[in-house]
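Note sheet for the following structure.
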Amino acid sequence: MLLEFSIWLSETEWSIALHESLYLYPWIESAHVLSICFFIGTLIFVDLRLMGLAFNKLSISEMNSKTLPWTIFGFGLMVLTGLLLFYAIPVRTYQNIFFRFKLFLILLGGINIFLFHRQMSKEGGKWDEENIPRSVHIKASVSLVLWAGVIISGRMIAYNWFDCDRQPQPDWVNWAASCMIELSQMEDF
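Numbering (the numbering used here), first residue to last: 960 to 1148.
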């Protein structure tokens, strides 16, 4: 169902125009990279503070209030430009194993952020005067690892090692990428 939607999307006039654009697609791609830097950069400040590795003179609540609006802005811009990049090349992107892994890591990162903010809303006021709980240190560490994984897997999307049009591929690759292998392609092997 998602593959059919991606195929339909790829055949729309605006998707084709965006993909074939000499200037717009590279500008959107650049804006995506910069928004990732913006989002991850502000997140790193907070995570390092939560781990007690940097900015220790700044209270957690002050750090969070100063960076959270910028983090949300970076995330929103990152999502918007990411959707436009998907819109430009929907089938290849949908079938890219690294794209799928990136989405999975973003989902895990979102769950981690949700759990952190839930814990912070309950007990965050105490963190300015007391020691930060070990569970928060772990969430901050997990955050750094997950978002680093998002960046790495996002960068790997550009490579066509596992693209469906590069056959033969191992069966697990064709399955993981939802490749639709026609009999005529199979006979070429």
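C-beta atoms are modelled at their ideal positions from N, C-alpha and C, and glycine is treated no differently.
Out of the options, state which residue places its alpha-carbon closest to the alpha-carbon of residue i.
i, options, result
"glutamate 1089", "Ile1019, Ala1047 and Asp1122", "Ile1019"
"asparagine 940", "Asn1055, Ser1100, Val992 and Asn1071", "What is shown of the chain runs 960 to 1148, which leaves residue 940 out entirely."
"serine 969", "Tyr1053, Glu988 and Ile1065", "Tyr1053"
"threonine 1030", "Gly1083, Ile999 and Tyr982", "Ile999"
"leucine 1064", "Gln1078, Val1104 and Phe1014", "Val1104"
"serine 989", "Ala1013, Leu1036, Pro1129 and Val1095", "Leu1036"
Would you tell me roughly how many angstroms separate the C-alpha atoms of residue i and residue j, rounded to the nearest one?
i, j, result
"valine 1038", "isoleucine 995", "9 Å"
"glycine 1108", "lysine 1085", "31 Å"
"methionine 1139", "arginine 1093", "47 Å"
"proline 1049", "leucine 1043", "10 Å"
"lysine 1016", "aspartate 1087", "10 Å"
With a 10 Å radius around its C-beta and 16 neighbouring C-beta atoms as the bar for buried, classify residue i as buried or exposed.
i, result
"lysine 1025", "exposed"
"methionine 1022", "buried"
"isoleucine 966", "exposed"
"arginine 1008", "buried"
"phenylalanine 964", "exposed"
"tryptophan 986", "exposed"
Does the distance from the C-beta atom of residue i to that of residue j stay below 8 Å?
i, j, result
"tyrosine 984", "histidine 991", "no"
"arginine 1051", "aspartate 1122", "yes"
"threonine 1001", "glycine 1033", "yes"
"isoleucine 1097", "phenylalanine 1058", "no"
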